[in-house]
Each structure stands twice: as C-alpha cells, then as structure tokens.
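Those protein sequence lines, which keep their order, are chains A and B.
So the first sequence is residues 26 to 203, counted in the numbering used here.
So the second sequence is residues 3 to 713, counted in the numbering used here.
The C-beta atom is built at its ideal place from N, Cα and C for all residues, glycine as well.
Structure, as structure tokens:
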Amino acid sequence: MTRNRLNALGAWLAIGVWLAAGAQGLHGQAGGADALAIVVHRGNPVESLTLSELRRIFMLETQNWPHGRRITVVLREKGQPERDEAIRMICGISEAEYERTLLLQTFRGSVTRPPRSIQSASLMRRFIFNTPGAIGYVPAGEVDDSVKVVAVDGRLPGDAGYPLQRRARIGRVNWLPW
Amino acid sequence: MRYDTMAVLALVTVTVLALGWIVARDLRQSAEETHQLYQSFEEVDELTDDLLLESEDVRRILLYALHTNDANRQLAYVEQSRAAEGRVKKLLDSRPALLDNPHMSAALQKVADAWKRYMTVRDEVIGLILEGSVNEGVALDERDGGHRFEAMLTAITEMKRTFDADAERQVAEQRERANSDITRLSIMVVGTLLGTAIGIYLFNRREAAEAAARVKSDFLATMSHELRTPLTGVIGTADLLKATDLATGQRELVRMLRSSATVLLSLVNDVLDYSRIEAGLMALTPTRFSLGHVIEEALDTVTEAAARKALEIGYVIEPGLPDVYADEDRVRQVLINLLSNAVKFTESGEVAVRAAATVDGEAATVTIRVSDTGAGIPAHLQHRLFQRFSQLDTGPSRQVGGAGLGLAISERLSRLLGGSLTVDSREGEGSTFTFIFTAKSAGPSALARDDLAGSRVAVRLGTGIVGQQVRSLLDAWQVNVTELGGDPAQAADRATIDAIVVDASTDQGALYASLLVNRERWGLQHAPTVAVVRRPAEQGERVTPGRVVSTPVRAQALHEELVKAIGSRSVVAAEGAALHDRPFDRQSLAILLVEDNDANRRVVRMMLEELGLEADEAAGGIEAVERARQRAYDLILMDVQMPDIDGLEATRRIRQQVERGAAPFILALTANVMESDEARCREAGMNGFLPKPLRLTTLEATIGAFVASRA
C-alpha cells in the first residue's frame with residue numbers, strides 16, 4: 026500500500042514538475058505568446074473580467090459595459106483558425122455552435138448587432154483603437170499601447186493560471202481531467 | 003576750380019547719395035512688406051484650399067464607410083478619415099504669422115470651433131459605424147453631421163472672405179504708403195537737385211558778374227589813367243597859350259578849351275576814383291588835420307558857383323571839436339562832392355555845412371551835414387542816389403551835367419572811411435546829406451584861438467549860415483558879443499565896444515553903409531569895423547572902408563581882421579576927434595562925384611553928407627566931362643575904372659576944356675594903390691587919389707587938406 030501511495034505520489038510529482046517545466050519553457054520561449062490577450066478601447070474603465078463575464082460578453086448575452094456604453098465584440102474573420110480557437114477558449118464551444126447560437130438569437134431579436142469580423146491581429150488592434158465600446162483579442166505577444174489589456178479572472182496573460190492559454194503545440198491540454 | 007566750389011559739389015554729392023540711400027532703403031522695405039503681404043496671401047489661400055480639401059476628405063471618406071458592412075473596410079475608411087482629420091487639425095494649428103491679425107484670428111477660431119462641433123458628430127458616427135450600426139450612423143450623419151460640416155465649410159469660406167477683404171485693404175494701404183513714400187522722396191530728391199542746380203547757377207552767375215565787374219573796373223582804371231595824361235597836357239598847353247598875346251576872340255576860345263578840358267579831367271578823375279574803390283585799390287593815408295580847415299577848403303571850390311547864384315554859404319563847427327587823424331584828401335573829396343551837388347541843385351537860399359563829433363577816448367565819430375535849400379529829392383528816387391551813373395533827372399530836360407559818379411564815389415568813400423553817407427530830403431524843402439566817418443582823435447584843434455578872449459564886439463548879423471558861422475566863431479574865441487539891434491544908437495555901453503562886425507553879404511551893404519555914415523551919431527566912431535562881404539564880385543567891396551572878410555568866411559581871416567581892427571582902435575579914435583575939430587564950410591564947395599556904380603555912388607554920397615557936404619553926381623566919364631564943362635567944380639572925386647571912358651581920360655579932357663586957373667581939384671578913387679598907378683594919375687592931371695575901399699576918415703582928412711590949401 027505504502028509503495029503504491031509513494032508511486033502515486035511520485036507520479037503526480039513527476040507530472041507537476043513536467044507541467045511546471047513545460048509552463049516555464051513556454052514562458053521562456055515566447056513570453057506568453059501563446060496566451061490570448063483580451064483587449065478593449067483604451068478609454069474603457071474596465072480592468073478585469075471573470076471568464077464567465079467574458080463568455081457572456083462574447084455570447085452577446087451582456088450587451089453593455091458597466092458604464093453604459095454598448096459593447097462591440099470583435100472577432101477574427103470566419104474561416105480563420107484564430108476565430109475558432111478564441112471561441113473555443115472563451116465560450117467553450119465550437120465556432121459552428123457559436124454561429125448557430127448567434128443566428129438563433131438574431132432571429133429572436135435579442136441580438137441587433139453581430140460581432141464585427143477583422144482580418145488580422147493588427148487590424149484588430151486598430152479597430153479597437155477606433156471603437157470605444159469594442160472588445161476583442163490578440164495573441165499576447167502582439168499587444169501594444171493602442172489597446173488596453175483586461176485581466177481575466179484576475180490574471181493577465183503570462184500570469185500563472187491565466188485561463189486563456191493556447192496549447193497549440195501540446196494538443197488538448199485543457200482536456201486534462203482537472 | 004575753386005576750393006569752395008569743390009566743397010559745394012562734395013556737399014551736394016553727399017546729400018544726393020544720402021537721399022538716394024534713404025530712397026533705396028525705403029523702397030526696398032516697402033517692397034519687402036509687399037512681398038510678405040503676398041506671401042501671406044498665398045499662405046492663407048493654401049490654408050483655406052487645404053482646409054476645404056482635407057475636411058471634404060474627412061467626411062467623404064467617412065461616407066464611404068457608411069456604404070459597407072465590412073468592418074475591415076470600414077476601419078480603413080475611418081483611419082483614412084482620421085488621417086485627413088489630423089491634417090485638418092494640423093492646418094488649423096499651423097496659424098501663419100499673418101493670422102496675428104485679430105480679424106483673421108477670430109475667423110480662424112470660428113472655423114476651429116465649427117470643426118470641433120462637426121468632429122463630435124463625426125466621432126459618434128465613426129463609433130456607430132464601427133459598432134456596426136451603419137443605419138444609425140447614416141441617420142446621425144444626416145441629422146447633425148451634414149449641416150455641421152456645411153457650417154464648417156461656410157466658416158472657412160467666411161474666413162477666406164474676411165482675409166481677402168483684409169488683404170485688399172492692406173494691399174491698398176501698402177500701395178498708398180509706398181506711393182506716398184515714393185512721391186515724398188521723389189520730391190525731396192528733385193527738390194534737392196533743383197535747389198543745388200539753382201544754387202550752382204546763381205553762384206556761377208555771381209562769380210561771373212563779379213569777375214566781369216572786376217575786369218570792367220580794371221579796364222576803367224587803366225583807361226582813366228591813360229586819359230588823364232594827355233588831358234593834363236591839353237590843360238597845360240591851354241594855360242601856356244592863354245599867357246601869350248591873343249585877340250579877344252581867341253582868348254575866349256582858349257578859355258572855353260581850358261574849361262572843357264578841366265570838366266573832362268574831373269570826370270576822368272571821378273571814374274578813376276570809382277574804379278579804384280571798386281577794384282579795392284583805394285588806400286587810406288591818415289594825417290592829422292582840422293575839420294574847419296578841410297571844410298573851408300571844400301567851400302572854396304564852390305565859392306564862385308555859389309556867388310553866381312547869390313547863395314549864402316558857410317559852415318558851423320561844434321565848439322571844442324578836436325583835430326583828427328583820418329584821410330584828409332578823401333574827407334575833402336566827399337565834402338567837395340556834396341557841396342558841388344548842393345550848389346548845383348540850389349537856385350536860391352543857402353548851402354550850409356555843420357560838423358559835430360562824438361569822442362570816446364581816442365576814437366572819434368565825425369558827422370558832417372551838408373544841407374541846402376534846393377529842390378529836394380523825391381522819396382522814391384532817393385534809393386537811386388548812390389548808384390553809379392545814376393542821375394535822377396534823365397529826361398531830355400536834364401539841367402545839370404556830370405557823370406553821376408559823384409555820390410556813388412562819396413558813398414563808397416565814406417564806407418571806406420568807416421562811416422556812411424545818407425540823405426534826408428523832402429521835395430521842395432531841400433536836402434541834407436549826412437556824412438559820417440570814423441577817425442582817431444588828435445587833441446585840441448590847431449585852429450583854436452584865445453587872444454581875443456574878453457574883447458567886446460558889436461554885431462549886426464543875418465540869420466543865415468554866414469551869421470551863424472560868425473557868431474559861432476566869436477563864441478569859440480570867447481568874445482563878448484553885443485547886438486547892434488534895430489537902433490544902434492541905443493547900445494548901452496558903446497564906449498567899451500572894441501569893434502563892430504557887420505554882415506554886408508545879405509543886405510547889399512546898406513546897413514554897413516548906414517553904419518559908416520551914422521557911426522558918430524551913434525557914438526561908435528571910435529570902433530573899427532569888420533564887414534563880411536560876398537566874394538568875389540560884391541560891388542560894395544570897392545567902397546567899403548574898414549576891414550573886409552569875404553564869404554565863405556575863413557576863420558583865420560576873420561580872426562586876423564578882428565585883431566587888426568581892435569589894434570587900430572586908438573588911431574580911429576584920434577582921427578574921429580580931429581574931424582570934429584575942423585568943420586567944413588558946407589556950402590562953399592562945389593563937388594562932383596563920378597562913379598558908374600550906383601551903390602558905390604550912394605555910399606560915397608552918404609559919406610559926404612556925413613561931412614556936411616553936397617555933391618553933383620555923374621554916372622560915367624563922358625557925363626563927367628560934360629558936367630565939368632557946364633559948372634566949375636572945386637573938387638571932383640573921379641572913379642578910375644569906368645566903362646565908357648575911364649577916369650584918367652575924363653581928367654585929361656576936363657583939363658583941356660577948362661581954364662588953368664579955375665582948374666578943379668581932381669581926386670582919383672582907385673583900388674590900385676601901386677606907385678605906378680599914382681604916377682599915371684598925376685600924369686593924367688589928377689591932384690591926388692583916394693584908395694579904395696574908401697574910408698570916411700581918409701575922405702575927411704583929404705578934403706580937409708584941400709580946403710586948407712585953398713584958404
């Protein structure tokens with residue numbers, strides 16, 4: 026029994042070390058480039074959102090900022106992997122599901138202004154720069170001063186435990202059981 | 003070229019250059035201002051054009067964004083619009099220097115405000131577009147954006163118009179200023195050049211005129227000198243010719259020749275003097291002299307001319323006037339000029355010289371006034387008096403000769419002597435020329451006398467200049483003067499009178515004659531007389547016994563005669579006493595007085611009456627011979643010089659026609675008292691002679707001797 030418990034402990038330790046090392050390694054290589062940074066207009070007073078708040082915004086369930094301005098959600102163009110990826114990471118659903126949901130809501134009349142679609146990360150920044158109520162996303166490595174990064178669940182990209190971490194090279198990390 | 007000419011030219015050049023520099027600077031400045039003005043026009047034109055263009059872009063591009071739903075294209079348009087907006091903002095912020103102008107500044111501010119108002123709408127529209135609310139964006143743009151944008155365009159246009167109006171005004175002002183600058187400066191430059199040109203012209207003309215005047219003076223001086231030499235020859239020759247044996251007609255011709263030559267010589271001398279003065283060659287030679295002396299000499303030169311017109315001439319000198327150092331010849335020359343003019347232009351009355359002086363230490367300022375009672379000079383002609391060759395009377399009726407140089411010379415001479423010559427005249431009242439010159443005082447006059455001080459002299463004088471002169475001389479000699487007045491017999495202290503001075507020049511000697519006749523009755527028989535008579539041909543002179551001084555009175559002559567008269571006083575007194583002791587048998591003598599001159603005859607008749615005698619009278623030699631044939635005279639007083647036959651011839655004829663025993667006693671009356679004359683008289687048959695001027699005492703004594711010889 027003791028040996029089993031020790032083995033189990035060892036195994037968990039090993040996994041923890043690997044994970045730590047892996048995370049460390051990612052940080053060392055790309056500085057959080059694989060994190061998805063949520064960005065808003067610089068004039069937006071919002072500093073931080075919970076992941077669920079973020080999801081409701083992107084699902085167009087929340088349509089106004091706390092200070093009243095209408096929210097404009099900006100996504101990448103349809104067909105671009107960054108759109109699908111972001112929808113999966115933020116909303117937890119596939120792009121197709123997302124489109125279906127929006128279509129449904131539009132028919133119901135609860136959505137009047139669908140998310141805007143933008144071709145590139147740099148255009149995304151510039152669009153948000155020009156649109157006070159906008160919210161969108163860029164790879165953490167492409168953040169600059171023209172936009173404001175919003176913390177998610179109290180963490181900024183690069184922080185340990187930042188929820189919108191991309192796992193493109195490792196595969197479905199987020200599908201781990203914990 | 004002369005130094006001062008060069009200086010003038012240099013000055014002119016500097017002035018012109020300075021003015022030119024000012025002109026150039028002003029014009030350049032004005033051109034720069036204009037250039038700046040136009041540059042700012044361009045700037046503003048550009049600004050407004052750009053503003054219109056860029057702001058149009060801002061909206062046009064934005065409107066494109068409303069025509070698509072593609073967020074990427076919308077973004078692109080928005081960004082382009084924002085870029086255009088940035089350019090507009092930059093334009094609005096650029097504010098060219100010209101926009102300091104308050105009008106422009108306000109206009110631009112209006113544009114900026116309108117732009118800002120449009121921008122708020124546009125930002126909202128952009129927001130709506132990017133949010134995807136294109137329809138709302140269109141609506142907003144239509145509702146607010148459109149007219150705000152128009153308002154801004156209007157503001158820009160308005161600004162442009164404001165600026166244009168402003169610019170137009172500024173350009174006009176600028177042009178006006180430049181024009182007035184140019185006009186003013188042109189006038190200055192042209193004025194300066196003109197002034198300079200006139201100055202140079204006048205300067206040159208004066209130079210030329212002066213040079214010409216100098217040449218003329220030099221020429222005249224040379225010519226005058228050359229003329230004088232032969233003229234002197236002519237006069238000298240005429241003098242020599244006159245001394246030879248000539249027929250009467252020839253003598254007259256020689257006299258005319260000489261007088262013409264003399265006139266010509268004096269004219270030439272005038273010209274020479276004038277030229278000398280003008281040429282600056284007249285040098286002054288101061289000597290010591292007495293003013294009285296110079297005046298007397300000057301008066302001498304006009305004596306004859308004055309006597310011909312029966313003018314009274316004389317002078318009065320302020321008592322105590324000192325002798326002076328000055329150029330005597332020049333002073334005399336001026337005086338002679340003034341006097342000859344005065345005599346020339348005066349027909350009756352008198353010509354008087356009055357001298358005075360102010361002495362301040364060594365310096366003396368002598369003032370000599372020559373006044374006449376002539377026609378006077380009209381005021382409007384007086385200024386021409388001292389110009390050369392100027393005669394007031396230039397018409398054909400000119401009455402007097404002369405080159406008209408006299409006064410011009412005198413005036414310049416008096417200036418040369420440190421004084422002046424001025425005239426004060428009123429038409430019909432005569433003229434007074436005032437000649438002033440400066441001199442050095444040389445102490446008390448050499449003519450001062452004091453040997454007559456205290457003596458008593460009774461006077462009977464006229465009020466004219468001669469009387470004034472005699473009085474002033476007697477005063478100067480400190481003589482006690484008693485007036486004889488209307489009735490000389492009333493003179494209170496007759497016995498103490500030393501001498502009598504009578505002016506016989508003014509009343510034809512009548513007073514003098516009556517004085518002589520009445521002297522005894524008046525108790526003045528003891529006092530010798532001095533008569534002032536007119537020279538040279540005063541008729542009374544031939545019959546006036548006693549002492550005579552002729553006019554113009556010379557101080558020295560009067561003094562000498564007075565001294566002699568007072569010295570002879572005792573003799574006269576003695577003769578007078580003898581006369582009273584031996585009265586004549588008044589009715590026993592038949593006397594004939596032969597004398598061609600009425601006045602003289604009257605005087606002698608009065609003398610005879612004084613002696614208690616009566617006489618027949620004959621006015622000529624032939625009449626005398628006739629009367630002597632009709633009546634046997636005891637005594638004939640025979641004038642020697644008579645026009646028809648002279649006294650000598652008359653005597654011869656009388657002697658031939660009467661018997662020897664009844665031969666009258668003939669006494670010659672003659673001024674020729676030479677021994678040879680006496681011999682000629684006796685040869686002609688005369689018994690004796692009475693010298694002229696005839697004296698009462700002599701007459702009485704001679705007649706007394708004759709009566710005694712008969713008895």
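Spell out whether any CB of chain A is found under 7 Å from the CB atom of Gly134(B). Along the second sequence, one-based indexing puts residue 134(B) at 132. The beta-carbon of Gly134(B) is placed less than 7 Å from the nearest beta-carbon of chain A.
Between which two residues does the beta strand (DSSP E) carrying Val174(A) extend? Indexing the first sequence from 1 puts residue 174(A) at position 149. Taken as a continuous stretch (DSSP letters only), the beta strand (DSSP E) holding Val174(A) covers Lys173 to Val177.
Of the listed residues Gln659(B), Pro530(B), Leu701(B) and Ala567(B), nearest to Glu605(B) (C-alpha basis): For the purposes of this step, residue 605(B) is identified with residue 603 of the second sequence, where counting begins at 1. The amino acid occupying residue 605(B) in the given sequence is Val; Glu does not appear at that position. With distances taken between Cα atoms, Val605(B) lies closest to Leu701(B).
Min CB distance Arg67(A) to chain B below 7 Å: Taking the first residue of the first sequence as 1, we reach residue 67(A) at position 42. No, because no Cβ of chain B sits closer than 7 Å to the Cβ of Arg67(A).
Contacting residues, own chain, Cβ-Cβ under 6 Å from Leu610(B) (five flanking each side not counted): To locate residue 610(B), count along the second sequence from 1; it is residue 608. Cβ-Cβ distances below 6 Å link Leu610(B) to Ala617 in the same chain, with the five nearest sequence neighbours on each side left out; the list follows chain order.
Just mark Asp452(B) as buried or exposed, buried being the case when its beta carbon has 16 or more other beta carbons within 10 Å. Within the second sequence, numbered from 1, the residue matching residue 452(B) stands at position 450. Under this definition Asp452(B) is an exposed residue.
Taking only three categories from DSSP, how would you classify Tyr317(B)? What you label residue 317(B) is simply residue 315 of the second sequence in a count that begins at 1. Tyr317(B) falls in the strand class under three-state DSSP.
Nearest by alpha-carbon distance to Glu126(B): which of Ala86(B), Val368(B) and Leu64(B) is it? Position 124 of the second sequence holds residue 126(B). For the options Ala86(B), Val368(B) and Leu64(B), the alpha carbon positioned closest to that of Glu126(B) is the one of Leu64(B).
Taking Cβ-Cβ distances shorter than 8 Å, what residues in chain B pair up with Ile143(A)? Residue mapping note: residue 143(A) aligns to position 118 of the first sequence, counting from 1. Result: Ala73, Asn74 and Leu77.
Backbone CA spacing between Val361(B) and Val333(B) [nearest angstrom]: By one-based count along the second sequence, residue 361(B) stands at place 359. By one-based count along the second sequence, residue 333(B) stands at place 331. Cα atoms of Val361(B) and Val333(B): separation of roughly 18 Å, rounded to the nearest angstrom.
Give me the chain A residues within the contact set of Gly129(B), using Cβ-Cβ distance strictly less than 7 Å, ordered along the chain. Along the second sequence, one-based indexing puts residue 129(B) at 127. Per Cβ cutoff of 7 Å: Thr156 and Pro157.
In chain B, which residues lie with their C-beta within 8 Å of the C-beta of Thr126(A)? Here residue 126(A) refers to the residue found at position 101 when the first sequence is read from its first residue. Within chain B, no residue comes near Thr126(A); the closest Cβ sits about 18 Å away, beyond 8 Å.
For Gln82(B), which option in Asn71(B), His69(B) and Arg62(B) has the closest C-alpha, if you only look at C-alpha atoms? Here the question's residue 82(B) lines up with position 80 in the second sequence. Nearest option by C-alpha distance: Arg62(B).
Do Glu431(B) and Gly363(B) have their CB atoms nearer than 7 Å? For the purposes of this step, residue 431(B) is taken as residue 429 along the second sequence, with counting starting at 1. For the purposes of this step, residue 363(B) is taken as residue 361 along the second sequence, with counting starting at 1. No; because the gap between Cβ atoms is not below 7 Å, this pair is not in contact.
When the cut-off is 7 Å and only beta carbons count, does Thr97(A) lie next to chain B? Start at 1 with the first residue of the first sequence, and residue 97(A) comes out as number 72. Answer yes: the Cβ-Cβ gap between Thr97(A) and chain B drops below 7 Å somewhere.
List, in order along the chain, the chain A residues whose C-beta lies closer than 7 Å to that of Val80(B)? Taking the first residue of the second sequence as position 1, residue 80(B) is located at position 78. Close partners of Val80(B) in chain A (Cβ separation under 7 Å): Asn155.
Secondary structure of Thr367(B), DSSP reduced to three states: Along the second sequence, read from residue 1 onward, the residue named residue 367(B) stands at position 365. It is a strand residue.
DSSP puts Met640(B) in a beta bridge; with which residues? Here residue 640(B) refers to the residue found at position 638 of the second sequence. According to DSSP, Met640(B) bridges with Val596(B) and Ala670(B).
Return the Cβ separation of Ala365(B) and Tyr317(B) in integer angstroms, given the expectation that the two are a contact with Cβ distance under 8 Å. Here residue 365(B) refers to the residue found at position 363 when the second sequence is read from its first residue. Here residue 317(B) refers to the residue found at position 315 when the second sequence is read from its first residue. Under the criterion of beta carbons closer than 8 Å, Ala365(B) and Tyr317(B) do not qualify as touching, at roughly 24 Å.
Would the region 100-114 of chain B count as touching the region 105-120 of chain A if we require 3 or more Cβ pairs under 8 Å? No contact exists between the region 100-114 of chain B and the region 105-120 of chain A.
Are the CB atoms of Ala60(A) and Val163(A) within a distance shorter than 7 Å? The sequence position of residue 163(A) within the first sequence is 138, counting from 1. The sequence position of residue 60(A) within the first sequence is 35, counting from 1. Not in contact: Val163(A) and Ala60(A) (Cβ atoms no closer than 7 Å).
To which residues does DSSP link Lys442(B) through a beta bridge? Position 440 of the second sequence, counted from the start, is the residue given in the question as residue 442(B). Here Lys442(B) is bridged, per DSSP, to Tyr327(B) and Ala365(B).
Locate the alpha helix (DSSP H) running through Val136(B), then write down its first and last residues. Here residue 136(B) corresponds to residue number 134 of the second sequence, with the count starting at 1. In the DSSP assignment, Val136(B) falls within the alpha helix (DSSP H) that extends over Val136 to Leu142.
Output yes if chain B places a C-beta closer than 7 Å to the C-beta of Arg138(A); else output no. The residue you call residue 138(A) lines up with position 113 of the first sequence. The beta carbon of Arg138(A) falls within 7 Å of a beta carbon belonging to chain B, placing the residue at that interface.
For the region 455-464 of chain B against the region 407-414 of chain B, do three or more pairs of beta-carbon atoms, one drawn from each stretch, fall closer than 8 Å, so that the two count as touching? The count of Cβ pairs closer than 8 Å, one atom from the region 455-464 of chain B and one from the region 407-414 of chain B, stays below three, leaving the stretches out of contact.
Counting along the chain, where does the alpha helix (DSSP H) carrying Val555(B) start and finish? As a working mapping, residue 555(B) is identified with position 553 in the second sequence. Per DSSP, Val555(B) lies in no alpha helix (DSSP H) segment and is marked neither H nor E.
Within chain B, the residues that Arg151(A) reaches when beta carbons sit closer than 7 Å: In the first sequence, the residue the question calls residue 151(A) occupies position 126. Those within 7 Å of Arg151(A) in chain B are Leu77 and Glu81.
So, under 8 Å CB-CB, Leu132(B) and Val80(B) are touching, yes? Tell me the CB distance rounded to an integer number of Å. On the second sequence, position 130 is the one that residue 132(B) refers to. On the second sequence, position 78 is the one that residue 80(B) refers to. Indeed they touch by this definition, with Cβ atoms about 6 Å apart.
In whole angstroms, what separates the C-alpha of Ile202(B) from that of Glu212(B)? Looking up residue 202(B) in the second sequence gives position 200. Looking up residue 212(B) in the second sequence gives position 210. As the crow flies, the alpha-carbon of Ile202(B) is around 15 Å from that of Glu212(B).
Can you tell which of Val472(B), Pro666(B) and Asp505(B) has the C-alpha that lies nearest to the C-alpha of Val709(B)? On the second sequence, position 707 is the one that residue 709(B) refers to. Minimum Cα distance to Val709(B) is reached at Pro666(B).
Interface residues of chain B facing Leu148(A) [CB-CB closer than 8 Å]: The residue you call residue 148(A) lines up with position 123 of the first sequence. Those are Asn74 and Leu77, listed as they occur along chain B.
Tyr187(A) - DSSP class collapsed to helix/strand/coil: Along the first sequence, one-based indexing puts residue 187(A) at 162. It is coil, neither helix nor strand.
Do Cys116(A) and Arg80(A) have their beta-carbon atoms positioned less than 7 Å apart in this structure? Locating residue 80(A) in the first sequence gives position 55, where the first residue counts as 1. Locating residue 116(A) in the first sequence gives position 91, where the first residue counts as 1. Taking 7 Å as the Cβ cut-off, Arg80(A) and Cys116(A) qualify as a contacting pair.
Evaluate Pro182(A) with the Cβ neighbour count: other Cβ atoms within 10 Å of its Cβ, from every protein chain shown; 16 or more gives buried, anything less gives exposed. If you number the first sequence from 1, residue 182(A) lands on position 157. With 16 or more other CB atoms across the displayed protein chains lying within 10 angstroms of its CB, Pro182(A) is buried.
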